[in-house]
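Have a look at the structure below before the remarks.
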Amino acid sequence: MLLKYGRLKKIHIKLLIVVFILILYVLVYLKLFNNDISGFNLPLKFENEFEAILGPYEAKIIEKLGNNGEPAYLWGDEALEGEKALKKFALNTILSDRMPLDRKLKDPRNTKCKDFQYDTKLKATVIIIFYNELLSVILRTIWSVILQSPEQNLQEIILVDDSSTDENLKGLLDYYITTRLKDKKVKIIHLKNRLGLIRARLQGARLATGDVMIFLDAHCEATKGWIEPLLARIEEEKSAVLVPIIDVIEANTLAYSTNGDTTYQVGGFSWSGHFTWINIQDEADKKKLTPVKSPTMAGGLFAIDRKFFWNIGSYDEQMDGWGGENLEMSFRIWQCGGRLETVPCSRVGHIFRDFHPYTFPNNKDTHGINTARLAHVWMDDYKRFFFMYQPGLENNPVVGDLTHRKQLRSKLRCKSFKWYLENIYPEKFVPDENVYAYGQVKTPFELCLDDLQLPEDKIGPLGLYNCHPYTAMSQFFSLSSKGELRKENVCAEVFSSKMVQLTECHGHKRDQYWVFHKNGTIYHPTSKKCLSSENIDIGKGVVVDKCKNTVYQKWTFTNINATAYN
Ligand code: UDP
Ligand code: MN
């Protein structure tokens, strides 16, 4: 009996130990993978493991590599590995791992910016979201923010891990924060499911406590004096949403390159729903060092008053994945009473990658779907142009329910898209407004002028193709009030006295000037020739030829204003 009792006791104790260990494991697991802000004490076992990874990694960093933002290079095998990495990740990951995380950069600002005194007490929460970004690149982003922001202006840095699958971005990153960034006000949340960049930023915003929120991509480097002018402007104007000048960090050499200290561009958009960089139109604005009006923003880097962010409708939470949210926010800010500005004395570098190193769940075209959402909500009738590019999305259920966003628009009493175009972006070309003629441009043989799928940023021949039975953007041309035969940004121009090229519109008539005659000819006064389809194969470029009044020189536009003829 005694013996039996003793055995039972032993079994009980064993059982208790097993249960205890199990509970310990569960607790550790929960701590590591919860959505809470970190700051926990890691068990010694993990600590040693992480230290064993971090130590050698830190030892391999090459002092002064990439110092002052100079282009950096590696040698031998590592150089070759770097080239491979560039092809795979659109980033030289090998080089980044060797470069100091707190590298020094030159002060890229216009020298006159240094004379400004900003005396702001506002505090910023910097929100950095990431999905499978390189650890060293994320850490360099964090270090640059810490080193370049006055203590009094930095409330906290919130990292949002959009459920990365890269192991380094879980325990190791947390460990780095608890050990190397102790007392630096860095917090991290790991999302349980991948939410896409829009909802990931929203998660960060919900935790923010600073007066201002500054969103940054996870591959940026802030430079000297970057934060003060942003905060100072918001202090003076709560409804101003601000973008720094975004400099280029080269994906291969990590060189910090600028366009000089005076020239920079602001944001525009194309009717296909893409963000574009555009030149500042107003001469006075070009010379200013104070904030300059920007019709749109690129989206990855911006500062906004925290309360204003929520009042003006934060983000469209039903936008998935990546893309479109920046134009949605830009239009909304302007139309609903805010301002969007570029701040020339604030500069932040961003690694521009040639492609996205990550994939999207279900291969969905989230950029297209998100843009369809914003087109329906914010663009009024002007959405017709976007849907000419994306006819399949116009009445497609994948676009989702828009009730809440439309309600928001009426609740905030926002202005029309026409108002936005006329007042904020008057230089934007509207293909069917204030033009002589527009639509398809046909020959008597059912052939049409066609851009032959010319990419938006390229130049190429003004082509000829079978007319489509529907209005496709590739066959949509306008005869502008300036006499340009044009698409959105490209104009037909004569070169080599015969060929006709679609090239960037320069607005000075000359070789881009055309006159439409009542007899159907499209006349080019500079060369004294007429647009001709004679002997042009389908899929090739049209030419100008001596005016002969033949069928090959007859053209009709789908829509003509009476004033078109000369
Ligand atoms: N990102 C994310 N979840 C995603 C896709 C992207 O958190 O599903 C992050 C990404 O890591 C980056 C930011 O969102 O920090 C913006 O993405 P990216 O830099 O690829 O966009 P781009 O600058 O090319 O427009
Ligand atoms: Mn980016």
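Numbering (my numbering), first residue to last: 854 to 1419.
For every residue, glycine included, the Cβ atom is placed at its ideal position computed from N, Cα and C.
Query raised in the report: Taking buried to mean at least 16 other C-beta atoms within 10 Å of its own C-beta, is Asp1310 buried or exposed?
Result: Around the C-beta of Asp1310, fewer than 16 other C-beta atoms lie within 10 Å, and the residue is accordingly described as exposed.
Requested in this report: List in chain order the residues whose CB is within less than 5 Å of at least one heavy atom of the ligand MN.
Outcome: Result: Asp1070 and Gly1153.
Query - Alpha carbon of Ile1030 to alpha carbon of Lys1045, nearest angstrom - result: C-alpha separation (whole angstroms): 20 Å.
Requested in this report: Return yes when at least one heavy atom of the ligand UDP lies under 7 Å from the C-beta of Leu1465, else no.
Outcome: Any answer about residue 1465 is impossible in this case: the structure gives the chain only from 854 up to 1419.
Query - Ala1053 vs Val998 beta-carbon contact at 8 Å - result: Taking 8 Å as the Cβ cut-off, Ala1053 and Val998 do not qualify as a contacting pair.
Query raised in the report: Counting Cβ pairs, one atom from each stretch, are 3 or more of them under 8 Å apart for the region 1097-1108 and the region 1199-1217?
Result: Taking one beta carbon from each stretch, the region 1097-1108 and the region 1199-1217 have 3 or more pairs nearer than 8 Å; the two touch.
Query - Whole-angstrom C-beta distance between Lys1295 and Trp1408, which should lie under 8 Å - result: Rounded, the Cβ-Cβ distance is 7 Å, consistent with contact.
Query raised in the report: Measuring CA to CA, which of Lys867, Leu954, Leu1060 and Gly1078 is closest to Gln970?
Result: Closest by alpha carbon: Gly1078.
**Report entry** For Glu1357, the nearest candidate out of Ser1199, Pro1308 and Ala1108 (CA to CA)
**Finding:** Distances from the CA of Glu1357 to each of Ser1199, Pro1308 and Ala1108 were compared; the closest alpha carbon is that of Pro1308.
Query raised in the report: Which class does Thr1032 belong to by DSSP, given the choice of helix, strand or coil?
Result: It is helical.
Query raised in the report: Starting from Asp1138 and walking both ways along the alpha helix (DSSP H), at which residues does that stretch end?
Result: Note, Asp1138: alpha helix (DSSP H), Glu1136 to Lys1140.
**Report entry** Ordered list of alpha helix (DSSP H) runs contained in the region 1130-1175, each at least 4 residues
**Finding:** With a minimum length of 4 residues, the continuous alpha helix (DSSP H) runs that stay inside the region 1130-1175 are 1136-1140 and 1159-1164.
Requested in this report: Pull up the DSSP beta-bridge partners for Glu1346, would you.
Outcome: Answer is Gln1354.
Requested in this report: Report yes if the C-beta distance between Leu1025 and Ile906 is below 8 Å; otherwise report no.
Outcome: For the 8 Å CB-CB criterion, Leu1025 and Ile906 form a contact.
Requested in this report: Return the CA-CA distance between Ile915 and Lys1035, expressed in angstroms with no decimal places.
Outcome: Those two C-alpha atoms are separated by around 24 Å.
Query raised in the report: Taking C-beta to C-beta, are Gly1191 and Thr1149 nearer than 8 Å?
Result: Result no, Cβ atoms of Gly1191 and Thr1149 do not sit closer than 8 Å.
Requested in this report: May I have the straight-line CA-CA distance separating Glu1136 from Val1145, to the nearest angstrom?
Outcome: Rounded to the nearest whole angstrom, the CA to CA distance from Glu1136 to Val1145 is 11 Å.
Query raised in the report: Smallest Cα separation from Glu931: which of Ala943, Lys913 and Asn920?
Result: Looking at the Cα atoms, Lys913 is the closest of the given residues.
Query raised in the report: In chain order, what residues of the same chain lie with their CB nearer than 6 Å to the CB of Ser1110, ignoring the 5 residues before and after it?
Result: So the qualifying residues of the chain are Val1101.
Query raised in the report: Can you give the Cα-Cα distance for Lys1351 and Pro1097, rounded to whole angstroms?
Result: Rounded to the nearest angstrom, the two C-alpha atoms are 45 Å apart.
Query raised in the report: What are the uninterrupted segments assigned as beta strand (DSSP E) that are 3 or more residues long and contained completely in the region 1299-1329, given in chain order?
Result: List check, beta strand (DSSP E) in window: 1300-1303 and 1316-1319.
Report task. May I have the straight-line CA-CA distance separating Leu992 from Arg1047, to the nearest angstrom? Result -> Here the alpha carbon of Leu992 sits roughly 21 Å from the alpha carbon of Arg1047.
Query raised in the report: Is the region 1324-1344 touching the region 1287-1294, taking contact as three or more C-beta pairs under 8 Å?
Result: Yes, they touch.
Query raised in the report: CB-CB under 6 Å to Ile1051, same chain, minus the five flanking residues each way: which ones, in chain order?
Result: Within the same chain, Ile1051 has close Cβ partners Tyr1168, Met1172 and Glu1178.
Query raised in the report: Taking 7 Å as the cut-off, is the CB of Glu986 close to at least one heavy atom of the ligand UDP?
Result: Yes, the beta carbon of Glu986 sits closer than 7 Å to at least one heavy atom of the ligand UDP.
Report task. Determine the extent of the alpha helix (DSSP H) in which Lys940 is found, giving its start and end residues. Result -> Here the alpha helix (DSSP H) through Lys940 covers Gly929 to Phe942.
Report task. Taking the CB atoms as reference points, tell me whether Leu846 and Leu1317 lie closer together than 8 Å. Result -> This structure leaves residue 846 out entirely; the chain is present only between 854 and 1419.
Query raised in the report: So Arg951 is in the alpha helix (DSSP H); what residue range does that whole segment cover?
Result: Unbroken alpha helix (DSSP H) run through Arg951: Thr946 to Arg951.
Query - Local conformation of Leu1012 per DSSP, three classes - result: In the structure shown, Leu1012 sits in a strand (DSSP, three-state: E or B).
Query raised in the report: For the beta strand (DSSP E) that contains Val1396, what are its first and last residues?
Result: First-last of the beta strand (DSSP E) with Val1396: Val1396 to Lys1399.
Query - Cut-off 6 Å between Cβ atoms - residues of its own chain near Leu939, not counting five sequence neighbours on either side - result: So the list reads Asn945 and Asn1105, once near-sequence residues are dropped.
**Report entry** CA-to-CA distance, Thr1224 to Gly1126, given in whole angstroms
**Finding:** Their backbone Cα atoms lie some 6 Å apart in a straight line.
Report task. Note down, in chain order, each residue of its chain lying with its Cβ closer than 8 Å to the Cβ of Phe1329, except the 5 sequence neighbours on either side. Result -> The answer, listed in chain order, is Met1241, Pro1284, Tyr1291, Gly1292, Gln1293 and Lys1340.
Query raised in the report: With 16 as the cutoff for other CB atoms within 10 Å, does Ser1334 come out buried or exposed?
Result: Exposed, since its Cβ has fewer than 16 Cβ neighbours within 10 Å.
Query raised in the report: Can you give the beta carbon distance from Leu954 to Ser1002, rounded, assuming they're within the 8 Å contact cut?
Result: Their Cβ separation, rounded to whole angstroms, is 16 Å, which puts Leu954 and Ser1002 out of contact at 8 Å.
Query raised in the report: Of the choices Lys937, Pro1279 and Ala1058, whose alpha-carbon is the least far from that of Ile1010?
Result: Ranking Lys937, Pro1279 and Ala1058 by CA distance to the CA of Ile1010 puts Ala1058 first.
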